[in-house]
Amino acid sequence: MTSPHRPHSPEADFNPAAYCNTRQAAAMLGVSHRTVQLWVESGTLEAWKTAGGHRRIALASIERHVERRRQAMMDRTAPARYKVLLVDDDGSTLALYQAATAGGDLPLDAVLAGNGFEALIRIGEARPHLLIGDLSMPGVDGLRMIRTLRASEAYRDMAIVVISGLEPATIRAMGLPADVPVLSKPVAPEALRAAIEDVLHMELHAER
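Here is the structure:
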């Protein structure tokens with residue numbers, strides 16, 4: 001049986017206009033190369049591999065993904081406001097993230113934390129829908145913070161997005177859970193907003 005995200009290779013009648021590579025998909029969606037790979041592996045995006053091992057992603061699946069994200073943000077059953085916890089030990093970076101979450105029409109309330117320990121306190125206080133944070137921080141770093149949450153019955157399913165300047169291979173070697181998307185640092189505001197919208201879309205439909 002052919003996997004839903006690994007459609008039969010269309011190389012025999014390949015139409016280049018209907019597909020793009022991983023880099024192009026990342027640019028269109030405003031996310032990292034690794035995030036696109038994770039979406040392909042999870043079935044969120046439809047793709048196949050060439051004989052040379054290169055991914056070709058169906059533009060139609062990208063369009064459907066964008067439309068689902070847009071519809072989720074318009075859905076009347078969604079909460080009036082979402083809480084997003086932003087975690088970084090650099091104050092100016094936190095300010096940039098906060099400004100990014102305030103842009104557009106996203107119904108977001110940002111909660112700020114300067115390190116992993118403070119973030120865990122804020123989570124207990126605010127119960128955010130989503131945590132966005134760095135890995136490299138003094139004291140309780142991001143990876144330890146994530147492991148603490150994953151080990152907690154109350155917060156093991158919390159949505160998390162990592163923003164890091166580390167190489168993807170290094171991040172995965174550190175043991176970051178495979179279901180946690182990673183955005184490359186520095187991250188563009190539109191890429192951050194797109195990642196937030198994707199998570200809110202998944203949160204909304206998980207509640208139904």
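All letters in the sequence shown, in the order written, are residues 1 to 208 by full-length UniProt numbering. A virtual CB, placed ideally from N, CA and C, is assigned to each residue, including glycine.
With 16 or more other CB atoms across the displayed protein chains lying within 10 angstroms of its CB, T35 is buried. For L85, the enclosing beta strand (DSSP E) begins and ends at Y82 to V87. One thing to note: V87 has its Cβ no nearer than 8 Å to the Cβ of A110. L120 and R193 have their C-alpha atoms roughly 23 Å apart. Taking the C-beta atoms as reference points, P128 is found no nearer than 8 Å to L183. Judged by DSSP secondary structure, R56 falls within the beta strand (DSSP E) whose first and last residues are R55 to A58. In this structure, I160 sits away from T101, with a CB-CB distance that is not shorter than 8 Å.
Taken in chain order, the complete beta strand (DSSP E) segments of 3 or more residues contained in the segment 154-185 are 159-164 and 182-184. Distance from the CA atom of L135 to the CA atom of D179, rounded to whole angstroms, is 15 Å.
In terms of Cβ geometry, H65 and L38 do not form a close pair [threshold 8 Å].
Bridge partners of G133 according to DSSP: V87 and V162.
Relative to M28, the option among I62, A99 and V40 whose CA is nearest is I62. For D198, the three-state secondary structure derived from DSSP is helix.
D109 is bridged by DSSP to K83.
Leaving aside the five residues that flank S32 on each side, the residues in its chain whose CB is nearer than 7 Å to its CB run, in chain order, A26, V182, L183 and S184. Distances from the CA of E118 to each of P138, L106, P107 and S42 were compared; the closest alpha carbon is that of P138.
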